[in-house]
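Peer 1: Before I ask anything, let me first share the structure, which is written out below as structure tokens.
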Amino acid sequence: MYDYLAKIILLGPSSAGKSCLLHRFINKSWRILSSQTIGVEFATKIVKVGDGNRRKRIKLQLWDTAGTERFRSVSRSYYRGAAGAILVYDITSRDSFAQLGTFLNDARALASPHLTLLLAGNKADLAEPVDSDAESEDDIDDSGVLSPSFGQSPSSYDSRRFDSIASRGTIPRGGNGARATFAPDGRQVSTTQATQWATSQTIPMAVEVSAFNGDGVDELFNRLARMILAKIELGEIDPDDPLSGIQYGDSSWAIDDGGSSIKSGVDGPRRRRKRAGTGQWASGLREWEEVFRLDGPRRRGCC
Numbered sequence: 001m002y003d004y005l006a007k008i009i010l011l012g013p014s015s016a017g018k019s020c021l022l023h024r025f026i027n028k029s030w031r032i033l034s035s036q037t038i039g040v041e042f043a044t045k046i047v048k049v050g051d052g053n054r055r056k057r058i059k060l061q062l063w064d065t066a067g068t069e070r071f072r073s074v075s076r077s078y079y080r081g082a083a084g085a086i087l088v089y090d091i092t093s094r095d096s097f098a099q100l101g102t103f104l105n106d107a108r109a110l111a112s113p114h115l116t117l118l119l120a121g122n123k124a125d126l127a128e129p130v131d132s133d134a135e136s137e138d139d140i141d142d143s144g145v146l147s148p149s150f151g152q153s154p155s156s157y158d159s160r161r162f163d164s165i166a167s168r169g170t171i172p173r174g175g176n177g178a179r180a181t182f183a184p185d186g187r188q189v190s191t192t193q194a195t196q197w198a199t200s201q202t203i204p205m206a207v208e209v210s211a212f213n214g215d216g217v218d219e220l221f222n223r224l225a226r227m228i229l230a231k232i233e234l235g236e237i238d239p240d241d242p243l244s245g246i247q248y249g250d251s252s253w254a255i256d257d258g259g260s261s262i263k264s265g266v267d268g269p270r271r272r273r274k275r276a277g278t279g280q281w282a283s284g285l286r287e288w289e290e291v292f293r294l295d296g297p298r299r300r301g302c303c
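The opening position of the sequence shown corresponds to residue 1 in the UniProt record's numbering, with each subsequent residue numbered one higher.
Here you go:
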């Protein structure tokens, strides 16, 4: 049972770690084998916000969208009606950070008018550069810093060098020979750069997390849930508005003597429709359809 249903989208360039971030939040484990997302992936989780009598249970419908350009036309259609969005970038990639503006513009154009945004720098476990002692002299420039060409992919590095570093514990490794991302230069986007960009784009908060070890992941999603709940309680978001990305849940509904469902609480009585012919609430993946379904003249054209 839950009090509110909220649609959340994860946005960002390919290889930023969105799927691993979602897997860590849902399953509390590292996703050893991860492939490129095609279109979208979907998951749900209920989080508890507040204490005592003010505690609310919010069901987050989490949509992991593709970051690759060729799949963006598909994934953009799932932005519609989102109540919250997490912009994810890779702190070890300047190019990843530079692409965020496109995703932000799409989200603000297609999602809820009251969209709640957070900026998350993933792969915080790789913030420190690799120990130069593990590399050969040919790989080190005059300043003593590793010097691969910028933008070079992890797979382009020699596996022997990687294994040498990983065996010393510098680079985390998963089971069955799987490895976390290899970032020999460590951080390429500073916390100051990320915070300044977030401020310039009126994003209220920028944080750094690690899908690999779980640092900051739960707090990221819980904070977003708290921000959305605060907007609901302040009246900035109306769950009855089909554009809000929020629906009332089932925990505050009771059955009256006539068999009808009635909303109880400070908002006063409200009626909620039952599924025709079954007497049961719509559930599962059908819930998200109502979050961004528009009726009559309010329907927008397809993106």
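In this text, a Cβ means the ideal position worked out from N, Cα and C, and glycines have one as well.
1) Using a Cβ-Cβ cut-off of 6 Å (strictly less than) and excluding sequence neighbours within five positions of residue 24, which residues of its own chain qualify?
2) For residue 209, name the three-state secondary structure that DSSP assigns.
3) Pull up the DSSP beta-bridge partners for residue 246, would you.
4) Where residue 82 and residue 119 are concerned, what is the direct C-alpha to C-alpha distance, given to the nearest angstrom?
5) Checking 7 Å against the spacing of the C-beta atoms, do residue 126 and residue 11 come in under that value?
6) To the nearest angstrom, report how far apart residue 203 and residue 117 are at their CA atoms.
7) Would you decide whether residue 76 is buried or exposed? Buried here means 16 or more other CB atoms lie within 10 Å of its CB.
8) Apart from the five residues just before and just after residue 43, which ones in its own chain have a Cβ nearer than 7 Å to its Cβ?
9) Please confirm whether residue 206 and residue 225 have their CB atoms less than 7 Å apart.
10) For residue 98, count the other beta carbons within 10 Å of its own beta carbon; 16 or more makes it buried, fewer makes it exposed. Which is it?
11) Might you give, ordered along the chain, the residues of its own chain that have their beta carbon closer than 8 Å to the beta carbon of residue 277, omitting 5 neighbours on each side?
12) What number of angstroms, rounded off, separates the C-alpha of residue 113 from the C-alpha of residue 84?
13) Name, in chain order, the residues that DSSP records as bridge partners for residue 78.
14) Select from 243, 244, 229, 241 the residue whose C-alpha is nearest the C-alpha of residue 3.
15) Among 189, 64, 197, 237, which residue has its Cα nearest to the Cα of residue 115?
16) Leaving aside the five residues before and after residue 8 along the sequence, list all residues of the same chain whose C-beta is less than 6 Å from its C-beta, in chain order.
17) Evaluate residue 90 with the Cβ neighbour count: other Cβ atoms within 10 Å of its Cβ, from every protein chain shown; 16 or more gives buried, anything less gives exposed.
18) What are the boundary residues of the alpha helix (DSSP H) that includes residue 224?
19) Determine the DSSP secondary structure at residue 86, reduced to helix, strand or coil.
20) According to DSSP, simplified to helix, strand and coil, what is residue 61?
21) Using DSSP's beta-bridge definition, name the partner residues of residue 41.
22) Output the distance between the C-alpha atoms of residue 53 and residue 129, rounded to the nearest integer angstrom.
23) In the DSSP assignment, what residue or residues form a beta bridge with residue 120?
24) Please state whether DSSP places residue 11 in a helix, a strand or coil.
25) Roughly how many whole angstroms lie between the Cα atoms of residue 92 and residue 187?
26) Cα separation between residue 222 and residue 51?
Peer 2: Looking at the atomic coordinates:
1) 211, 214, 217
2) coil
3) 6
4) Each residue's CA atom was taken as its position, placing residue 82 and residue 119 some 16 Å apart.
5) no
6) Approximately 6 Å between the Cα atoms of the pair.
7) buried
8) 22, 26, 62
9) No; because the gap between Cβ atoms is not below 7 Å, this pair is not in contact.
10) exposed
11) Bear in mind that the predicted position of residue 277 carries a pLDDT of just 37, short of 50, making it unreliable; the figure below should be weighed with that in mind. Cβ within range, chain order: n/a, list empty.
12) 10 Å
13) Residue 78 is not bridged by DSSP to any residue.
14) 229
15) 237
16) 60, 62, 84
17) buried
18) 217-233
19) strand
20) strand
21) 64
22) 47 Å
23) The partner list for residue 120 (beta bridge, DSSP) reads 88, 207.
24) strand
25) 4 Å
26) 14 Å
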